[in-house]
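*Asks:*
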Amino acid sequence: MTNRQTRDDPQRTQQKDILSTLSRNVQEAKKFKDIVMGNFTDIYRNLTKKHVVALGWALSHCPKVKYIVKVDDDVIVNVYNLARHIKQTYRTTREAVVCRVPKNLQVHRSKVSKWSVSMEEYPFRAYPPYCLGLGIFMTRDVALRLYETTRDVRPFWIDDVYMTGLVAWKAGVTLKDFHANLTVVFQNSYHPHHRNAMFVLARFNNKQGYRQYWRDLVASEG
-18 MTNRQTRDDP
-8 QRTQQKDILS
2 TLSRNVQEAK
12 KFKDIVMGNF
22 TDIYRNLTKK
32 HVVALGWALS
42 HCPKVKYIVK
52 VDDDVIVNVY
62 NLARHIKQTY
72 RTTREAVVCR
82 VPKNLQVHRS
92 KVSKWSVSME
102 EYPFRAYPPY
112 CLGLGIFMTR
122 DVALRLYETT
132 RDVRPFWIDD
142 VYMTGLVAWK
152 AGVTLKDFHA
162 NLTVVFQNSY
172 HPHHRNAMFV
182 LARFNNKQGY
192 RQYWRDLVAS
202 EG
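The sequence shown begins at -18 in the numbering used here and counts up one residue at a time.
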């Protein structure tokens, strides 16, 4: 009876699953060098840690890049338009953070909200201007300032608010708002003009929808 309880203990099973996943990730990282791993649990409330680690990795491992782009993992990046936009608008720009800045900066207090924040976590009514996470473009000099300033700003679990709001404010960095047509959100179906956006938050019911969108995007570049 004791052995069975030990063998079927949910916590032990979860720990084994985590260790198994970690082991596979380490093996893949060693083989393909395509995973950046941090010493923390990958959960929603640790997104700020992930954001800081990713920015630090980019700065230390890519010392010659002029620009850094951060996107959420469910966003499609139109790399063609991104490259064109950089060449046309930001080729000689320094100290820039460009993104969609939300108009409503009110703090969510309702406990049913995914982004509910307590008074203990953040006592003010509103956030400073910050970037929506679906697509953030920044020059390297700003990325370095933000990364270094994280040492002086207490962590806050909503990563976009923390890095591009609180930390940016502390670092004296001003955000530049994208034109509305450079980001788009749609559900299942899309219009041809959606392919003009740089960052696309798409909600397809299956993988085929994403693949078809990408094929149409590549074909439109001819």
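Backbone N, C-alpha and C define an ideal beta-carbon position, used for all residues, glycine too.
So for L182, helix, strand or coil by DSSP?
*Replies:* Here residue 182 corresponds to residue number 201 of the sequence shown, with the count starting at 1. Strand, per DSSP.
*Asks:* Is K92 helix, strand or coil by DSSP?
*Replies:* Counted from its first residue, the sequence shown places residue 92 at position 111. In this structure, K92 counts as coil in the three-state DSSP scheme.
*Asks:* Below 8 Å, how does it come out for the stretch 128 to 136 and the stretch 48 to 62: are there three or more Cβ pairs, yes or no?
*Replies:* In short, these stretches do not touch, since the Cβ pair count stays below three.
*Asks:* Does the contact criterion of 3 or more C-beta pairs under 8 Å hold for the stretch 152 to 161 versus the stretch 83 to 102?
*Replies:* no
*Asks:* At the level of alpha carbons, what is the spacing between T100 and T145?
*Replies:* Here the question's residue 100 lines up with position 119 in the sequence shown. Here the question's residue 145 lines up with position 164 in the sequence shown. The amino acid at residue 100 is misidentified as Thr; the sequence shows Met. Going from the Cα of M100 to the Cα of T145 covers about 21 Å.
*Asks:* Using only the alpha-carbon positions, how far apart do L3 and L40 sit?
*Replies:* Taking the first residue of the sequence shown as 1, we reach residue 3 at position 22. Taking the first residue of the sequence shown as 1, we reach residue 40 at position 59. Going by the C-alpha atoms only, they are around 25 Å apart.
*Asks:* Indicate the three-state DSSP secondary structure (helix, strand or coil) for D158 in the structure shown.
*Replies:* Taking the first residue of the sequence shown as 1, we reach residue 158 at position 177. Correct three-state label for D158: strand.
*Asks:* Kindly give me the distance between the Cβ atoms of L36 and M179, rounded to whole angstroms, as I take these residues to be in contact under 8 Å.
*Replies:* Position 55 of the sequence shown holds residue 36. Position 198 of the sequence shown holds residue 179. Wrong, their Cβ atoms sit about 20 Å apart, outside the cutoff.
*Asks:* What distance in whole Å lies between the Cβ atoms of N169 and R184, which are believed to be in contact at a cut-off of 8 Å?
*Replies:* On the sequence shown, residue 184 is found 203 positions in, with the first residue counted as 1. On the sequence shown, residue 169 is found 188 positions in, with the first residue counted as 1. That belief holds up - the Cβ atoms of R184 and N169 are roughly 7 Å apart, short of 8 Å.
*Asks:* Give me the Cβ distance between F118 and V56, rounded to the nearest whole Å; I'm assuming they're in contact under 8 Å.
*Replies:* One-based indexing of the sequence shown puts residue 118 at position 137. One-based indexing of the sequence shown puts residue 56 at position 75. That pair is no contact at about 13 Å.
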